[in-house]
DNA sequence: ACAAATTTAGACAGACTTGTCCAATTCGTC
DNA sequence: GACGAATTGGACAAGTCTGTCTAAATTTGT
């Protein structure tokens, strides 16, 4: 991974810092302009380094692009798993806890800088790099859905939910919670805190109406009705 | 709209046919390569015309791109409204009818060539042409959601569903029905007929569990469980 | 303070694009 | 069959971009 150096002395931090700076600037420019439209000079300028430094670190444009996607995938996955770890296993108030979880997921994974960038790169360039994005698919959604499904299964086993197929339920949870943000996502925009909360609230409410234990039948009519 | 011609004789059909041919080839190339990566020579070749003809018809690359998006938007909207017209207002079997409707929607609008192309262009270039895609947003999703919400409201009023907010329900219906196709859509792929059916079936089942009238409480456990 | 490695700015060739121009050809129509 | 409009292919200038190279300046560790 690291460029060849003397036995025990590794390159100064500034070296690594610049590498990161370049990758981040590249992520931003690739997303804004597309792969073909991205300009190495612009990336260098935005990273605050010279063009030559970009080539020294990453070889060529395509390798830089791959590095960007790998980087984003890794960070996003880390964020997703960290957030899944906060899933409410022993909920005090199920609706409130699931809403809070959904909002965390949105804020820390789906809507943050890395999440939006990765999504856009996948959408725009996914077909051009099949193996790269197949890798993302396995590492990301593949493991993510399983992990989330396991949490829902546990919640069902503990009697808080009534679920036939945890995998389907997990995917539907996500779909419901993001239902009102689709168009904003499509255009690469950043929903407001309030929109996220509203979409999550409406989504969780419907999710519980479908999968909630029937004991508390008044759940759906309880809260304020967000338009 | 049409280019200036003599009073009563309009250009031969071949003229218009080539215009269409160019726009379709352009849609394909813009989607595959992105705006910046799209090459006019390639578009011309794919359309089976000379480069000069492309310029004769559309002026320049940007105007051609706008024409492509307008064209796709128009056709997609027409398809969407035509499909919404087949919404089951007086359902014989509610679940089966809604599944069939969802499958129609997917096949004729979301997953067909125009739908996939338009979605990709919006995702990739939406930020670069705010007013163009704002127009799409108003003409497309804006009116679509209203129309669909109205249908659900009628269904609720007729006693087939129990819905608080028809707009929310309409968005959630779409989200649920496409829940299992998200990743395929992201990568610009085309789901199989079977995947579409499965996602629709699972989605409608959950939708009815949440919004169905309680009379038939056994709805959720009825059908075969699609994994 | 010194020596080695890294970074920088700039020039550079090669390739590629866009959009224009033009003469020759083809096509549809009368 | 002949006329006029549309189409074609090719050449073309102007601009942009990638990736390389070099010599000078800077930074880093010792």
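Chains as they are written, first to last, in the numbering used here: chain C, 2 to 228; chain W, 2 to 228. A virtual CB, placed ideally from N, CA and C, is assigned to each residue, including glycine. Bear in mind the structure is a predicted one, so any value in this text is a computation, not a measurement.
Where residue i meets chain C, residues with beta-carbon distance less than 8 Å
{"i": "residue 179 of chain W", "result": "176"}
{"i": "residue 117 of chain W", "result": "Neighbours of residue 117 of chain W on chain C: none; closest Cβ ~11 Å, over 8 Å."}
{"i": "residue 210 of chain W", "result": "210, 211, 212"}
{"i": "residue 100 of chain W", "result": "Going along chain C, no residue has its Cβ under 8 Å from residue 100 of chain W, so there is no contact; the nearest lies around 15 Å."}
{"i": "residue 34 of chain W", "result": "37"}
{"i": "residue 172 of chain W", "result": "180, 181, 183"}
Helix, strand or coil at residue i according to DSSP, with G and I counted as helix
{"i": "residue 80 of chain C", "result": "helix"}
{"i": "residue 35 of chain W", "result": "helix"}
{"i": "residue 188 of chain C", "result": "coil"}
{"i": "residue 127 of chain C", "result": "helix"}
{"i": "residue 213 of chain C", "result": "strand"}
{"i": "residue 44 of chain C", "result": "helix"}
{"i": "residue 271 of chain W", "result": "Missing from the structure shown is residue 271 of chain W; chain W here goes from 2 to 228 and no further."}
{"i": "residue 142 of chain W", "result": "helix"}
{"i": "residue 208 of chain C", "result": "helix"}
{"i": "residue 87 of chain W", "result": "coil"}
{"i": "residue 20 of chain C", "result": "helix"}
{"i": "residue 167 of chain W", "result": "helix"}
{"i": "residue 113 of chain C", "result": "coil"}
{"i": "residue 100 of chain W", "result": "helix"}
{"i": "residue 4 of chain W", "result": "For residue 4 of chain W, the pLDDT reaches just 39, beneath the cut-off of 50, and the residue's location in the model is therefore unreliable, although a value from the coordinates is still provided. Residue 4 of chain W: coil per DSSP, three-state reduction."}
{"i": "residue 50 of chain W", "result": "coil"}
{"i": "residue 72 of chain C", "result": "helix"}
{"i": "residue 202 of chain C", "result": "helix"}
{"i": "residue 93 of chain W", "result": "coil"}
Beta-ladder partner(s) of residue i, from DSSP
{"i": "residue 177 of chain C", "result": "Residue 177 of chain C pairs with nothing; no bridge assigned."}
{"i": "residue 162 of chain C", "result": "C/213"}
Status (buried if at least 16 other CB within 10 Å, exposed otherwise) for residue i
{"i": "residue 191 of chain C", "result": "exposed"}
{"i": "residue 64 of chain W", "result": "exposed"}
{"i": "residue 94 of chain W", "result": "exposed"}
{"i": "residue 159 of chain W", "result": "exposed"}
{"i": "residue 86 of chain W", "result": "exposed"}
{"i": "residue 74 of chain C", "result": "buried"}
{"i": "residue 11 of chain W", "result": "Caution applies to residue 11 of chain W, whose pLDDT of 43 falls short of 50 and renders its modelled position unreliable; the value that the coordinates give is listed next. That one is exposed."}
{"i": "residue 82 of chain C", "result": "exposed"}
{"i": "residue 167 of chain C", "result": "buried"}
{"i": "residue 49 of chain C", "result": "exposed"}
{"i": "residue 135 of chain W", "result": "exposed"}
{"i": "residue 126 of chain C", "result": "buried"}
{"i": "residue 211 of chain W", "result": "buried"}
{"i": "residue 60 of chain C", "result": "exposed"}
{"i": "residue 53 of chain C", "result": "exposed"}
{"i": "residue 115 of chain W", "result": "buried"}
{"i": "residue 90 of chain W", "result": "exposed"}
{"i": "residue 111 of chain C", "result": "buried"}
{"i": "residue 143 of chain C", "result": "exposed"}
{"i": "residue 79 of chain C", "result": "exposed"}
Within chain C, partners of residue i - CB distance below 7 Å
{"i": "residue 138 of chain W", "result": "184"}
{"i": "residue 142 of chain W", "result": "184"}
{"i": "residue 169 of chain W", "result": "203"}
Interface residues of chain W facing residue i [CB-CB closer than 8 Å]
{"i": "residue 133 of chain C", "result": "Under the 8 Å cutoff, chain W gives no residues; its nearest Cβ is about 11 Å from residue 133 of chain C."}
{"i": "residue 189 of chain C", "result": "124, 127, 128"}
{"i": "residue 19 of chain C", "result": "Going along chain W, no residue has its Cβ under 8 Å from residue 19 of chain C, so there is no contact; the nearest lies around 26 Å."}
Partner residues on chain W for residue i, Cβ-Cβ distance less than 9 Å
{"i": "residue 91 of chain C", "result": "Neighbours of residue 91 of chain C on chain W: none; closest Cβ ~24 Å, over 9 Å."}
Any non-hydrogen atom of the ligand NAD within 7 Å of residue i CB
{"i": "residue 195 of chain C", "result": "The ligand NAD is not among the ligands present in this structure, which contains no ligands whatsoever."}
Which residues, in chain order, does the stretch 195-208 of chain C contribute to contact with chain W at a C-beta distance below 8 Å?
-> Listed by position, the residues of the stretch 195-208 of chain C near chain W (Cβ gap below 8 Å) are 203, 204, 207, 208.
Could you name the residues of the stretch 51-77 of chain W whose beta carbon sits closer than 9 Å to any beta carbon of chain C, in the order they occur along the chain?
-> Cβ contacts with chain C: none found.
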